[in-house]
Amino acid sequence: DETYHESAPAISRDGRWLAYQSNETGDWEIFVRPFPDVDSGRWQVSTNGGYSPVWANSGRELFYIDASNNL
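Quick note on numbering: the sequence shown equals residues 140 to 210 in my numbering.
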């Protein structure tokens, strides 16, 4: 079964980036894509699991919870 889920979208304050969580790798991880052209690239930013992405007010930092429940 190759079904996976993407959820918890968060758009950066400047509107240029979309962060979200996906279990595409088998674990929940955080990915970012350019916005609104979401088909022009995708980068995994978490390395030890991740969920609940939230952009800082500056839009330059992305926070998320990792697999050990660390921010």
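Using N, Cα and C, we set each Cβ at its ideal position, and we do this for glycine too.
{"Check": "Three-state class that DSSP yields for residue 193 in the structure shown", "Outcome": "strand"}
{"Check": "Counted within 10 angstroms of its Cβ, other Cβ atoms place residue 190 as buried (16 or more) or exposed", "Outcome": "buried"}
{"Check": "DSSP state of residue 185 mapped onto helix, strand, coil", "Outcome": "coil"}
{"Check": "Sequence-distant residues of the same chain with beta carbon closer than 7 angstroms to residue 196, five excluded per side", "Outcome": "152"}
{"Check": "Reduced DSSP secondary structure (H/G/I, E/B, other) of residue 179", "Outcome": "helix"}
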